[in-house]
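Q:
Number of protein chains: 2
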Amino acid sequence: MAVEWKNLDQLKSFDELKNVKRVNIRETMSGENGADRVRRYSVPMAAGMAYNYAAKQVDDDVLAVLVKMAEEAQLTDKYRELYNGAVINTGEKRMVLHQLCRGQLGNDVIADGVNKREFYVQQQERIAAFADKVHSGEITNEAGEKFTTVVQIGIGGSDLGPRALYIALENWAKANGKMKMDAHFISNVDPDDATAVLKSVDVAHSIFILVSKSGTTLETLTNEAFVKNELTKAGLDPAKHMITCTSETSPLAKNGGYMDAFFMDDYIGGRYSSSSVVGGAVLSLAFGPDVFAAILNGAAEEDRAATETDPLKNPDMLDALIGVYERNVLGYPATAVLPYSQALSRFPAHLQQLDMESNGKSVNRFGEPVDYVTGPIIFGEPGTNGQHSFYQLLHQGKTIVPLQFIGFRSSQIGNDVDIQGSTSQQKLCANVAAQIVAFACGKDDENLNKNFEGGRPSSIIIADKLTPEALGALLAHYENKVMFQGFLWNVNSFDQEGVQLGKTLAKKVLAHETDGALKVYSDLLKI
Amino acid sequence: MAVEWKNLDQLKSFDELKNVKRVNIRETMSGENGADRVRRYSVPMAAGMAYNYAAKQVDDDVLAVLVKMAEEAQLTDKYRELYNGAVINTGEKRMVLHQLCRGQLGNDVIADGVNKREFYVQQQERIAAFADKVHSGEITNEAGEKFTTVVQIGIGGSDLGPRALYIALENWAKANGKMKMDAHFISNVDPDDATAVLKSVDVAHSIFILVSKSGTTLETLTNEAFVKNELTKAGLDPAKHMITCTSETSPLAKNGGYMDAFFMDDYIGGRYSSSSVVGGAVLSLAFGPDVFAAILNGAAEEDRAATETDPLKNPDMLDALIGVYERNVLGYPATAVLPYSQALSRFPAHLQQLDMESNGKSVNRFGEPVDYVTGPIIFGEPGTNGQHSFYQLLHQGKTIVPLQFIGFRSSQIGNDVDIQGSTSQQKLCANVAAQIVAFACGKDDENLNKNFEGGRPSSIIIADKLTPEALGALLAHYENKVMFQGFLWNVNSFDQEGVQLGKTLAKKVLAHETDGALKVYSDLLKI
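Residue numbers (my numbering), protein chains in the order written: chain G, 192 to 718; chain E, 192 to 718.
#1: So with CB distances below 7 Å, who are the chain E contacts of G/Met370?
#2: What is the rounded straight-line gap between the Cα of E/Val229 and the Cα of G/Ser349?
#3: Of all Cβ atoms in chain G, is any one closer than 8 Å to the Cβ of E/Gly347?
#4: As an exercise, report each continuous alpha helix (DSSP H) stretch of at least 4 residues that is fully enclosed by the stretch 537 to 605 of chain G, in chain order.
#5: On a CA-only basis, which of E/Val623, E/Val342, E/Leu254 is nearest E/Leu509? Give me that one, please.
#6: Keeping to the same chain, check which residues put their C-beta closer than 6 Å to that of E/Val388; ignore five residues upstream and five downstream.
#7: Going by DSSP, which residues form a beta bridge with G/Val401?
#8: Counting pairs of Cβ atoms below 8 Å between the stretch 331 to 340 of chain E and the stretch 356 to 367 of chain E, do you hit three or more?
#9: Using a Cβ-Cβ cut-off of 8 Å, state whether E/Cys436 counts as contacting chain G.
#10: Using the C-alpha atoms, what's the distance from G/Thr526 back to E/Leu679?
#11: Would you please verify whether the beta carbon of E/Phe581 is less than 8 Å from any beta carbon of chain G?
#12: Could you check where the alpha helix (DSSP H) with G/Asn210 kicks off and where it finishes?
#13: Starting from the Cα of E/Gln578, find the closest Cα among G/His289, G/Gln687, G/Gly276 and give me that residue.
#14: Check this for me: beta carbons of G/Asn198 and G/Asn681, under 8 Å apart or not?
#15: Is G/Gly598 closer than 8 Å to G/Tyr531 when the C-beta atoms are compared?
#16: Roughly how many angstroms separate the alpha carbons of G/Lys518 and E/Leu422, rounded to a whole number?
#17: Could you tell me how far apart the beta carbons of E/Asp383 and G/Gln533 are, in whole angstroms, since I believe they sit closer than 8 Å?
#18: Using only CA atoms, which one of G/Arg213, G/Val690, G/Tyr458 lies nearest to G/Tyr274?
#19: Does any C-beta atom of chain E lie closer than 8 Å to the C-beta of G/Ser466?
#20: Looking only at DSSP bridge pairs, what is G/Tyr242 linked to?
#21: If I follow the unbroken beta strand (DSSP E) through E/Met370, where does it start and stop?
#22: May I ask you to list, following chain order, the residues of the stretch 685 to 705 of chain E that have a beta carbon less than 9 Å from some beta carbon of chain G?
#23: Using the C-alpha atoms, what's the distance from E/Tyr357 back to E/Leu665?
#24: Indicate the three-state DSSP secondary structure (helix, strand or coil) for E/Asp451 in the structure shown.
#25: Who are the near neighbours of G/Arg537 in its chain, counting only those whose CB is closer than 7 Å to its CB and skipping five residues on each side?
#26: Assign G/Thr440 to one of two classes, buried (16 or more other C-beta atoms within 10 Å of its C-beta) or exposed (fewer than that).
#27: Taking only beta-carbon positions, decide if E/Lys424 is within less than 8 Å of chain G.
#28: Using a Cβ-Cβ distance cut-off of 8 Å, determine whether E/Ser649 contacts chain G.
#29: State the beta-bridge partners of G/Lys634 as determined by DSSP.
#30: Can you tell me the Cβ-Cβ gap for G/Tyr242 and G/Ser650, rounded? I've got them flagged as a contact below 8 Å.
#31: What residues of chain G sit near E/Phe643, judged by a beta carbon separation below 7 Å?
#32: Hey, is G/Arg537's beta-carbon within less than 8 Å of any beta-carbon in chain E?
#33: Compute the distance between the beta-carbons of G/Val528 and G/Gln603, then report whether it is under 8 Å.
#34: Taking C-alpha atoms, which residue in G/Phe399, G/Glu492, G/Ile301, G/Gln295 lies nearest to G/Ala238?
#35: Using a Cβ-Cβ cutoff of 7 Å, what residues of the stretch 406 to 433 of chain G are near chain E? List them in chain order.
#36: Find the residues of chain G that neighbour E/Gly282, judging by a C-beta separation of less than 7 Å, and give them in chain order.
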């Protein structure tokens, strides 16, 4: 069926959705009915995980309309178009191929005479070979010594995703004999960022990865100069300590100043690039190519789960549909992502970019203004830390914030203590279970200051353990959720024109070509 | 004048505020008028800083009503009541004395026969003496060797604030010869958190600080057991490696299991406790007592600035008033805190707790429901990193999010590179200046996908450099802003009953005393 791109408010099912009776989750989540919902409202995900939406503000009536909406919005068809190579990124007139880094769901995608799946696999193989040589000592520093450390230089999607994934697997890798090299990250143009990282690493035994698709990112090129300075000062040859991840057409691709260059292309957006060489180089060097491959396998399995046409069996699509219901019908402005795992401490920061940069738009894919709200504010911190921080507002504040919990049955390292009859991991899990029910059901108290209204919706993704496969599946789940929501809102989730104006004005400030308010701010900051 | 505690919607000036003409900041911030605003709309802060609100959605008419509102709500009088020792925390029937840790603005405050200012100073002096002895080698480990490392065990206010402050000054301390000991933090009950930190430090040369006011915090006691296990396994005596920061009445105060105990009391809430021994112990050990004293001096100076009765000369009060205008009249649901300094990477996480836990309430100080929205969602990341992440939504999304920038003229370390005619620090400052104007003024484009509506309000705090004094002033500024907003909303900003229900239910899960949905979740998580 040919796809038709319609605005959300052109869908009949969206009108219907506005009129379905609202669900009182305080009631539906109580007693045996609540138990039944937790058992029923669950969808399998990749890597043995499950998306449980029992505590979301939906029931069979709401779900029936969401199913209609998925069909009317042709979500499956649009996803198929995307992975078959249609120009989904209308603003920049580009295909959207990040899923192709981890598997092939449809037709061969050919661009500029190249089979793109083969191209991405080839780059992965080149990285794997390079990483293996570094680990084996075939590639060494000038003194013939092994490299011990890898430092990624990048910002935005070249930083947040790879950094979140590295932190997520660092302890797992150490506990499983997979730790090959320490990784560090330089992102901010703040000179203290690069200086502090460079002081904390052994530069003589470090490989620096310069990551910029265009090869023109201000922060990244500045930080490259910073690093080259330090290497030179230490009597080292920068060209023997740096590799680059860039596009084949960028000025970095063939400048000879790097040990090697690995390539992505214009069909992979920065915030979707963790599956490409942007994540692949640093993660393969840090943990070995097999670990990166396992991440990709988990992601590929989740991508396949997202092809399921029945939304009630498709965790990524269902999550997307419920999110749009919460945003556009129930009117909630934000979503909190709350992983009960310290290893996922920076995963919410990655999702913040993924979601807010993709769907924080006011025009549809044809450049026409839309009359409904689009992407929500995304924020989050790991539990149980967040419980002792901002959960007060979530429980008793005036603004309802839908919640996305993530929980793991086992810790990554497996080291634990039994205190008062339970392990720390059990305490961690008990807390996330308790929070879901506390948010949903609340608790009456005559003292209104101690009263909990409940009615705060949440979902939880449950997994056995945060392994590379589970992490890959989580990454793909949120990417696919964002994609399906973009289809529903009819926005282009793959460009980011909103970041341009600031760059342009910053250049004017540096060139001292300002007047009015900008000149006074520049003077105040003594630029 | 006796203070009267009224709800926001009982104030005549609030009605008036709703009817003042809305400001079009796109217009007012353009041309010479914009330049004039940037010069005029600035209030001095402590430590030579300034709060500049030129790009906020206010003009002289709005400000005039905000001034009336400050008077009608008796903000100065309420602050005076607070620092003179009134029972401002109505829920828990407690005084609120965190400002007294850093100076005395009013009467002597006596509780239980003790002069509280003297008590707090005494504890600071005890910590200073202890830290000096550790640094000089008078206090050593069992082998007579110097301690090199300090590890804070705490969660919520015992973690976020002290951690944010430590990270904020780590590079400054290294660059200024003030680095005495490395600090690490264990917070989450996730066993991987404690395990990973313990593996990364040299426990034989570490002092662990157990921080829990009540001495009953689940996470903290569990992590204490974790640490004691590791110390014992390493053949070390836990009592020779641990100190505690707690209240004098807690079970930890006199249990003999610690090298020493330092005290706070019930008049200092967790999220306000960075100025007490909770922040004092770790920061004095890490950087020396003089650095902690300088933080307190900066905070005390800002506390004094907050006593100014004219809101237009009082940066903390004015920030609070504008925030309430944005939340309750303009209807914005969230505020983003955007420090242009990598050193402040965790400062927004601290403010998230400070603000959302204080004012995320639905009842007033008398326990009566309020009919208006209260505390906003708070989130943020350092710039320029955020520019490459969620700024897309801030610039072009459907939801307007007011912004709070923080900018510094100089870096902390002073190491920099000149590339294309400007240093990294200049690029950093140019970006924050550019963002303010881009958000306020926008830019027309026929292609609506590249169009910037503008009209996005922001303020900026400008300082020379992130020094201990500046950091203390920033800390106090936000504490005082939150306090004044609590006065305006007539909520109790100093309790947190919303965190209780989850704790109660988690205990039931661990005791296997659950039914319904909670039992099924517990089973799914295999607790």
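Note that CB positions come from ideal geometry on N, CA and C, so glycine has one too.
A: So, from the data block:
#1: The contacting residues do not exist; G/Met370 stays about 11 Å from chain E at best.
#2: Their Cα atoms are separated by approximately 35 Å.
#3: Look at E/Gly347: its C-beta is under 8 Å from a C-beta on chain G.
#4: The stretch 537 to 605 of chain G contains these whole alpha helix (DSSP H) runs: 538 to 550, 582 to 587.
#5: Nearest C-alpha to E/Leu509: E/Leu254.
#6: Closer than 6 Å at Cβ, skipping near neighbours: His375, Ile377.
#7: Correcting the residue type first, residue 401 of chain G is Leu in the shown sequence and not Val. DSSP output for G/Leu401 lists G/Ile344, G/Thr435 as bridge partner(s).
#8: In short, these stretches do not touch, since the Cβ pair count stays below three.
#9: So no, E/Cys436 is outside the interface.
#10: Distance between the alpha carbons of E/Leu679 and G/Thr526: 27 Å.
#11: Answer yes: the Cβ-Cβ gap between E/Phe581 and chain G drops below 8 Å somewhere.
#12: Run containing G/Asn210: 203 to 210, per the alpha helix (DSSP H) assignment.
#13: Closest in alpha carbon position to E/Gln578, among G/His289, G/Gln687, G/Gly276, is G/Gln687.
#14: It is a contact, given that the beta carbons lie within the stated cut-off.
#15: Yes. Within cutoff.
#16: The residue asked about is misnamed: residue 518 of chain G is Arg in this sequence, not Lys. Going from the Cα of G/Arg518 to the Cα of E/Leu422 covers about 50 Å.
#17: Their Cβ separation, rounded to whole angstroms, is 6 Å, which keeps E/Asp383 and G/Gln533 in contact under 8 Å.
#18: The candidate whose alpha carbon is nearest that of G/Tyr274 is G/Tyr458.
#19: Closer than 8 Å: no.
#20: Under DSSP, G/Tyr242 takes part in a beta bridge, and its partners are G/Val234, G/Ile652.
#21: Counting along the chain, E/Met370 falls outside any beta strand (DSSP E), and DSSP gives it neither H nor E.
#22: Against chain G - using a Cβ distance shorter than 9 Å - the residues of the stretch 685 to 705 of chain E are Asp686, Gln687, Glu688, Gly689, Val690, Gln691, Leu692, Gly693, Lys694, Thr695, Leu696, Ala697, Lys698, Lys699, Val700, Leu701, Ala702, Thr705.
#23: Using only the alpha carbons, I get a separation of about 14 Å.
#24: Strand, per DSSP.
#25: Taking C-beta separations shorter than 7 Å and ignoring five residues to either side along the sequence, the partners of G/Arg537 in its chain run Arg354, Ala355, Ile358, following chain order.
#26: Burial state of G/Thr440 is exposed, judged by a 10 Å Cβ sphere holding fewer than 16 other Cβ atoms.
#27: For E/Lys424, no CB of chain G lies under 8 Å from its own CB, so it is not counted at the interface with that chain.
#28: No, because no Cβ of chain G sits closer than 8 Å to the Cβ of E/Ser649.
#29: Checking the DSSP bridge columns, you'll see G/Lys634 partnered with G/Phe643.
#30: Confirmed, Cβ separation roughly 7 Å.
#31: Under the 7 Å cutoff, chain G gives Leu692.
#32: It does not: the Cβ of G/Arg537 has no partner Cβ on chain E nearer than 8 Å.
#33: The criterion of a C-beta distance shorter than 8 Å is not satisfied by G/Val528 and G/Gln603.
#34: The option with the nearest alpha carbon to G/Ala238 is G/Glu492.
#35: Under the 7 Å Cβ criterion, the stretch 406 to 433 of chain G contributes Leu409, Glu410, Thr413, Ala416, Phe417, Asn420.
#36: Within chain G, the C-beta atoms nearer than 7 Å to that of E/Gly282 come from Asn640, in chain order.
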